[in-house]
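Colleague:
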Amino acid sequence: MKHKLLIVGMVLVFGLSPVWAQTELDMADSTVVDSAELYPAAAADIKVVDKPNDHGHAVVVTWETSADDGGGKNNVLHYEIYYSTSYDGPFDSVGASPAGESTFVHIGSKDPNDGNFIPDHTDLFYQVDVVTIDPAIRTASGVQGPVQASGQWFNTGRWPVLIAVLLFGILTIYFVLSARRGREFYIRPIGGIEAVDDAIGRATEMGRPILYVLGLGTAADVATIASFTILGRVAKRVAEYQTELIVPTYDPIVMSVAQEVVKSSYFDAGRPEDYKEDCVHFVTQSQFAYVAAVNGIMLRELPATCVYMGKFFAESLLLAETGSLAGSIQISGTDEIAQIPFFIVACDYTLIGEELYAASAYLGREPKLLGSLKAQDALKAAVVVLAIAGLLAANLGWTEFPAIFQVID
Amino acid sequence: MNRSTWIVVAVVVVLFVVSWVVHASSTSGEENNIARAFGVTMAAFLTLAIFSFLYKDNPFYKFAEHLYVGVSAAFWMCQGFWSTIVGNLFPRLSEGVSEFFQVPYQASNWNFAYWTPVILGLMLLMRLSKDFGWMSRWPLALIVGTTAGLNFVRYLRSDFVKQVSATFVPLLGTAKTHPWLGLGNFFSNLDASATGQLVAMMSNWVIFIGVICGIVYFFFSKEHTGIFGRASRVGIWVLMVTFGAGFGYTVMGRISLLVGRITFLFKDWLQIIS
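Protein chains in written order, with the numbering used here: chain Z, 1 to 409; chain L, 1001 to 1274.
(1) By a C-beta neighbour count over all protein chains shown, 10 Å radius and 16 as the cutoff for buried, is residue 1249/L buried or exposed?
(2) Need the endpoints of the alpha helix (DSSP H) that residue 135/Z sits in, please.
(3) Span of the alpha helix (DSSP H) holding residue 1023/L?
(4) Which of the residues in the segment 1030-1063 of chain L, read from start to end, lie with their CB under 8 Å from any CB of chain Z?
(5) Name the two residues that bound the continuous alpha helix (DSSP H) containing residue 255/Z.
(6) Less than 6 Å between C-beta atoms, sequence neighbours within five positions excluded: which residues of the same chain meet that for residue 55/Z?
(7) Give the range of the beta strand (DSSP E) segment to which residue 306/Z is assigned.
(8) Using a Cβ cut-off of 9 Å, which residues of the segment 181-202 of chain Z contact any Cβ in chain L, in chain order?
(9) The beta strand (DSSP E) with residue 64/Z in it runs from where to where?
(10) Between residue 91/Z and chain L, is there a C-beta pair that is closer than 9 Å?
(11) Shortest alpha-carbon distance to residue 279/Z belongs to which of 266/Z, 206/Z and 360/Z?
(12) Going by the CB atoms, is the gap between residue 1091/L and residue 1106/L shorter than 9 Å?
(13) Just grab the DSSP bridge partners of residue 1131/L for me.
(14) Residues of chain L with CB closer than 8 Å to the CB of residue 208/Z, please, in chain order.
(15) Looking only at its chain, what residues have a beta carbon closer than 6 Å to the beta carbon of residue 268/Z, apart from the 5 residues adjacent to it on each side?
(16) Taking C-alpha atoms, which residue in 246/Z, 333/Z and 296/Z lies nearest to residue 1069/L?
(17) Residue 282/Z lies in the beta strand (DSSP E); which residues open and close that run?
(18) In angstroms with no decimal places, state the Cα-to-Cα distance between residue 1152/L and residue 354/Z.
(19) Can you name the residues of chain L whose CB is closer than 8 Å to the CB of residue 406/Z?
(20) Tell me the start and end of each unbroken beta strand (DSSP E) in the segment 63-101 of chain Z that is at least 3 residues and wholly inside, in chain order.
(21) Considering only the beta carbon of each residue, do residue 105/Z and residue 58/Z sit closer than 9 Å?
(22) Nearest CA to the CA of residue 87/Z: which residue from 63/Z, 122/Z and 386/Z?
(23) Tell me whether residue 1225/L is buried or exposed, calling it buried when 16 or more other Cβ atoms sit within 10 Å of its Cβ.
(24) Below 8 Å, can you find three or more Cβ-Cβ pairs linking the segment 1220-1236 of chain L to the segment 324-339 of chain Z?
(25) What would DSSP say about residue 216/Z, mapped onto helix, strand or coil?
(26) Excluding the five sequence neighbours on either side, which residues of its own chain have a C-beta within less than 6 Å of the C-beta of residue 1207/L, listed in chain order?
(27) Would you identify the three-state DSSP class for residue 209/Z, choosing helix, strand or coil?
(28) Around the Cβ of residue 367/Z, are there at least 16 other Cβ atoms within 10 angstroms (buried) or fewer (exposed)?
(29) Pull out every residue of the segment 272-287 of chain Z whose Cβ sits closer than 7 Å to any Cβ of chain L, in chain order.
(30) Sorted by chain position, which residues of the same chain lie with C-beta nearer than 7 Å to residue 80/Z's C-beta, five sequence neighbours on each side aside?
(31) By DSSP, does residue 1041/L sit in helix, in strand, or in coil?
(32) Have a look at residue 29/Z and residue 142/Z and give me their C-alpha separation to the nearest angstrom.
(33) Closer than 7 Å, Cβ to Cβ, to anything on chain L: give me those residues from the segment 363-377 of chain Z, in chain order.
(34) Mind checking the segment 67-83 of chain Z against chain L and listing, in chain order, the residues whose C-beta falls within less than 7 Å of any C-beta there?
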């Protein structure tokens, strides 16, 4: 009897289970029906265009926000963007824009081996999903495209830069030609530079070397290039006075250029036989190891004059303080604004920012440098005029004028 | 070195060994405690050796200096060889060489372009030769010229055009928060809520005057006399105030570095503080 009851019970359980399952399914269906009402409205008017003014491999996707974004059901979390090289997919997610946004810039890699590679001149297709807080509840748009990414030769957002380059180029050529024709240009005295000759004379009298530090910049930095010109002048005087020159360098390329500069200065001074290649030597490319080495040189060689011209960073005060400890006359110049205060407090003379560039023209007196300096001054005058004009425009609400100077990167 | 120097060196060596042993024994339960104790002691010794420069040049500073320079020079040479030449150049030049160095070969139709830096690099090395040293000037000229040209445009964009437009500031009212509605309107609506506007206006005046006078100071082709000289004087004052603020800000950063080093000495080495 017990067995019969058990069998009947099992039959009932298994027999009714499909009914129970169907009931669950029906309940689930009813949930689907309910959640369907939660699906947000799709993004409308989707547009895909090549990103302008770039090197290619990028597409801009724009859309009209969903009716449920900020209104309606107000349940949009973000917009997820999908991309494929085929209309039929498969589509890969490439990113998302938060609710309220209506633009996504798909910037890919130009490296075909990169997973984020976007090919140029190839049909691309996009789809925008409106996603709610539940990732399963989302509404996909239709597939948009094709669009092709491509690079542009000109970035039209940088017209002001082109005009500035042309203006500066024309001014430089004009003033260089004027200087070559013999036109005299006045350059105001720059204290630090006038002290260089005295400092070299002092080193000669004391029979002690001159230490010239080119800083941590590369040979391409403007400050280092300006420093090469000053080094040439210093080396020429050193050769004439037969004083010792020490130039420890941080960068191998800077060392090579500095060797050439010093060598040619010795030739110009008529003393090529006095030139020692070791006077310009490489130390290391580690910032503070370089400082440690130069500080050591200062305290062992006790230079009469230390010249710091170029690009300097955290080592500026360490160098200048040690030079002061060694009793040297110190002349510095850099365009690193954060380091100028340290040089000002620790050195005897400091060239502030652009004075370093002007110093090379002041010393060289070459038409090219003088013309360039005069062109810079002309451009500065233009800046003053433009600043006043822009100020008036900003105060009078004339927005068109400031817009001319807007550079789009 | 005289006898007293040798004694000082000997004392320091003994102290070093004692520190090493004590530190190793205090961490006896830990893995590699002897090697780690040596590392911490060496770091503390080198820190103190560099600090000893504050007294005067001495053998310990010289040791630390030469060690630092030698290690860093060798490190950067190896770094340059393995990351630039082996990591970037060989994989694009030859499959055989890539296999030899066990780096994946990166096939591309443009790989031939990588012979350009190879040739320029070899030309740079020609400076070691007396007869062909002149060849090294060509890559130098290329490096300096190319990067100067590229920087020219970059500087004009970031330091000129963008800076010019940044000086277009409203002197009467701030465009974003309180658009200027005319002089009379501004004064008639001046109340407590306009304090922020007043501060912003003053800031804009400082920007305008500071920029104009600063530029005047950096005029080199005109004598700084008369009104021009006075504007230049204001310009240098503005610069000096800016430098003073920058000085204080940076010194605070340096003090935090010093605190970090002292913390290392007292916490990791001497274990006085936890």
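We put the beta carbon where it would ideally sit given N, CA and C, even for glycine.
What you are looking at is a predicted structure, and each value in this text was computed from that prediction instead of being measured.
Modeller: Taking the geometry as given:
(1) exposed
(2) Premise fails: residue 135/Z is in no alpha helix (DSSP H) and is neither H nor E.
(3) 1003-1026
(4) 1050, 1053, 1056, 1057, 1061 and 1062
(5) 252-268
(6) 151
(7) 305-311
(8) 185, 186, 187, 188 and 190
(9) 58-64
(10) no
(11) 266/Z
(12) yes
(13) Paired residue(s): none; residue 1131/L is not in a bridge.
(14) The premise fails here: residue 208/Z is roughly 16 Å from chain L at the closest Cβ pair, so nothing lies under 8 Å.
(15) 236
(16) 296/Z
(17) 280-282
(18) 15 Å
(19) 1165
(20) 78-84 and 92-98
(21) yes
(22) 122/Z
(23) exposed
(24) no
(25) coil
(26) 1169
(27) coil
(28) buried
(29) 283, 284, 285 and 286
(30) 93, 96, 129 and 131
(31) helix
(32) Low confidence applies to residue 29/Z: its pLDDT is 45, below 50, so where it sits in the model is not reliable, and the reading given next is rough at best. Between residue 29/Z and residue 142/Z, the C-alpha separation is close to 26 Å.
(33) 373, 374 and 377
(34) none
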